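What the sequence shown shows, in our numbering, is residues 1 to 645, in sequence order. To keep things clear, I will list the structure first and then write my remarks on it.
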Amino acid sequence: MRQKMTQTRGNKKSMTELSTIFWAKSGDKDHPSGHPLLAHLLDAAAMARVILLREPPKTRRLLADALGLSEEEALNFAAFAVGLHDLGKASAVFEKQWEPGMQRLQARGLDYIPLPGGMPWVAHGALTEVLVTELLSDLGFSSLIAEKLGLLLGAHHGFLAPSSEVDDKAFDVLEAEIGPWDEARRALLNTLWETLGRPRPATDDLSPDAALWLMGLTSFADWLASSPEFFPYGRDIAEPGRYFENALALAEKALDDPRVRWEARTPLAPEPPPFKAIFPFSPNALQSAVAESLKNVREPSLLILEAPMGGGKTEAAFYAHLLLQAQNGHRGLYVAMPTQATGNAMFDRVKDFLAKFGDRPHDLQLVHGAAILKPEYVKLREVGEVVEVGESTVRASEWFSAKKRAMLTEYGVGTVDQALLGVLKVRHHFVRLWGLGNRTLVFDEVHAYDAYTSRLIAGLIRWMKALGSSVVLMSATLTRAQRARLAKAWGAKLPEAEAPYPRLTLVRGGFVKSIPIPWEEEKTYRVAAAPRPAPELADFALERLGKEGAAALIVNTVDRAQALYQELKARLGSGEVILEEGRPIGWRTGDTELYLLHARLPSAERQVRESVLLARFGKDGKRPKRALVVATQVIEQSLDLDFDL
């Protein structure tokens, strides 16, 4: 960065009065004076404080430890940091966008001098970066913390400002705004600092986890604080302390609003009941091993579950979450699935699981690009509606259904890419990481990912450990190299001798425990080569299936799937179209049902077909007497189905 901007002070004026002259939100017919910048900064600071107070105590401890402060000091510092996010609006580049506001400034002697070539446009985030770095140093903050806070607060709209915009434009603009501009900005900063208790960090640097906690919180708080529905314009800012107290009350109301409903985060089960009290069956060897190994584990942990398909890994992961949440104060759960279809199916299972617990509604979001096509999710999203399920309630708050905010909610199910966006260079990636912090993150089908995705998962695991989260990985099987990479991401090394498959691997800090899972002897299957041409394959399938049972015929192209479906339909003879939600989804002849699934179907139609297949052939499905399903590879990892052939 360049050298310090020249400081020129005008005549002394009332700091409070001077600090209120900038505007942040332009006025309208009801509030022609707009919303003062100091008011918006205090609104955002109040919002940040109330959000943290509704987080589990563990989240506040993580932030306090990262800052080297007590919890109360950390709350004050976080509120102040968030309040600084729009300091860059105290510049002519921004203020001149609303003429009445600029005229008021000019009347107070704050005019702007056009630079050679005209006044350049500079995003206020870039101006925030420069001003925070400059002015915090004058308050006695270390230059390193001031610079890092400037960087992270300047990014509150999603990205770090390009260095060229900071060095080539922001400094030029601010260096031209000396005298009254500089005096008013310093009055604004000092009023904010004094109102929020003159907070200071305890260290001379910000750790990556501290920076991440503050970045995510800033955007979260700013989104809510920018809504005039939650923070109306026209409130008296003459006494900033009283204004802040009022803003705290408004922040509480905002989080209680039916569209948001951010209740205090409490565990599903502070004292988890036995496994059998939650699920309608006794725990198997894997589930018992999970329960035993996680007893009194009071630190974020990595758990790798390797067992055959149908071995109860999902229920084991749910129970692991209960234990880890109760013992570590985790705020919630996110289950990352390989596809939208598996995400949809898991959503239903998580919804039913959540319904068993708690004395308050639980917010559950479905997080993928086609979530709006799932009727069960749409029903939960309806504004103000709480859907009764069992003894408790599950809902999907409207405000958190927006794609950037979905990770902020308490419970979520979605595709793995939605979680991995937290470690990619995309807009507001840090908000996603903030939402996954101090949470249980479950990955399913870990063995199915390619090398690139696996590396991203390892990177996300490193962040999860830094942010106090626990991670559960489920897989049919993993190579030793894959397990070693995952353990390394947690900062540990596999032992030379591991337990045989099936196994449970528990990683706590740098310690790894490999636990064997007693399992019944492997079953033997007979594999027979099937003919390739569609007519012959149709005859082969019908002959092998016989008079009862369910068969899946998986081919590698959509054209082959369609041709095979037509061959089978012709052989079944006259019948009727199977309809679901008014859509044709299959063919029925007598007691035989025929279905087709492939990736070329429109999303809405594919969603309906997948739901029907899960209802017929999924866990606890009501199976027809005789059925054939023709599909491409989408069926293999997209749906958890069971067939006889």
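Even glycine gets a Cβ: it sits at the ideal position worked out from N, Cα and C. Note that this is a predicted model, so its numbers are computed, not measured.
Open item on the list: I want to know whether the stretch 597-610 touches the stretch 554-562 - three or more CB-CB distances under 8 Å.
Closed with: yes
TODO: Report yes if the C-beta distance between residue 36 and residue 20 is below 7 Å; otherwise report no.
DONE: Remark: C-beta atoms of residue 36 and residue 20 approach each other more closely than 7 Å.
Open item on the list: Quick check on residue 65: does DSSP put it in helix, strand or coil?
Closed with: helix
Open item on the list: Among 412, 24, 588, whose alpha-carbon lies nearest the alpha-carbon of residue 228?
Closed with: 24
- [ ] Compute the distance between the beta-carbons of residue 330 and residue 440, then report whether it is under 7 Å.
- [x] yes
TODO: Starting from the C-beta of residue 353, find all residues in its chain whose C-beta is less than 7 Å away, skip the five residues before and the five after it, and write them out in chain order.
DONE: 318.
TODO: Quick one: grab the DSSP three-state call for residue 40.
DONE: helix
Task: Backbone CA spacing between residue 456 and residue 359 [nearest angstrom] - done: Spanning the two alpha carbons is a distance of roughly 37 Å.
Task: Status (buried if at least 16 other CB within 10 Å, exposed otherwise) for residue 216 - done: buried
Open item on the list: If you reduce the DSSP assignment to three classes, tell me which class residue 445 lands in.
Closed with: Correct three-state label for residue 445: coil.
Task: Collapsed DSSP secondary structure at residue 636 in the structure displayed - done: helix
Open item on the list: Looking at the strands, I want to know which residues DSSP matches up with residue 464.
Closed with: DSSP, once it has assigned bridges, lists no residue as partnering residue 464.
TODO: Alpha carbon to alpha carbon, how far is residue 336 from residue 241? Give it in angstroms, no decimals.
DONE: Cα to Cα, residue 241 sits roughly 44 Å from residue 336.
Task: CB-CB length for residue 316 against residue 286, believed under 8 Å - done: Indeed they touch by this definition, with Cβ atoms about 5 Å apart.
Task: Check whether residue 367 and residue 406 have beta carbons under 7 Å apart - done: yes
Task: Rounded separation between residue 380 and residue 280 - CA only - done: 25 Å
Open item on the list: Using 8 Å for Cβ pairs, my map puts residue 623 next to residue 550. What's the rounded Cβ distance?
Closed with: 6 Å
Task: Assigned secondary structure, residue 586 (DSSP; H/G/I helix, E/B strand, else coil) - done: DSSP places residue 586 within a strand segment (E or B) once states are collapsed to three.
Open item on the list: Given this structure, state the Cα-to-Cα distance separating residue 150 from residue 458, to the nearest angstrom.
Closed with: 29 Å
Task: Cβ distance (whole Å) where residue 516 is taken to contact residue 499 below 8 Å - done: 4 Å
Task: Spatial distance of residue 642 from residue 611 (CA atoms) - done: Cα to Cα, residue 642 sits roughly 14 Å from residue 611.
Open item on the list: Using a Cβ-Cβ cutoff of less than 6 Å, which residues in the same chain neighbour residue 630 once the five nearest sequence positions on both sides are dropped?
Closed with: 553, 561, 564, 565, 596
TODO: Out of 609, 591, 567, point me to the one whose CA is closest to residue 579's CA.
DONE: 609
TODO: Taking the CB atoms as reference points, tell me whether residue 132 and residue 173 lie closer together than 7 Å.
DONE: Cβ distance not < 7 Å, so residue 132 and residue 173 don't count as in contact.
- [ ] For the beta strand (DSSP E) holding residue 617, just list the boundary residues, first then last.
- [x] Here residue 617 belongs to no beta strand (DSSP E); instead the alpha helix (DSSP H) covers 603-617.
Task: residue 363 - DSSP class collapsed to helix/strand/coil - done: strand
Task: Proximity of residue 338 and residue 445 at Cβ, strictly below 7 Å - done: In this structure, residue 338 lies near residue 445, with their beta-carbon atoms less than 7 Å apart.
Open item on the list: Taking the beta strand (DSSP E) that residue 23 belongs to, which residues open and close that run?
Closed with: 23-25
Open item on the list: Just to confirm before moving on: does the CB-CB distance between residue 519 and residue 507 stay below 7 Å?
Closed with: no
Open item on the list: Quick check on the burial criterion: 16 or more other C-beta atoms within 10 angstroms. Buried or exposed for residue 17?
Closed with: By the neighbour-count rule (16 or more Cβ atoms within 10 Å), residue 17 is not buried but exposed.
- [ ] Starting from the Cα of residue 314, find the closest Cα among 301, 221, 474 and give me that residue.
- [x] 474
Task: Rounded C-alpha distance that separates residue 68 from residue 232 - done: 35 Å
TODO: Please go through the stretch 409-446 and give each complete beta strand (DSSP E) segment of 3 or more residues, from N-terminal end onward.
DONE: The stretch 409-446 contains these whole beta strand (DSSP E) runs: 411-415, 440-443.
TODO: Tell me whether the beta-carbon of residue 56 lies closer than 7 Å to the beta-carbon of residue 395.
DONE: no
Open item on the list: Taking the alpha-carbon of residue 461 as reference, which of 488, 586, 479, 430 has the nearest alpha-carbon?
Closed with: 488
Task: Reduced DSSP category for residue 555 - H, G, I as helix; E, B as strand; rest coil - done: coil
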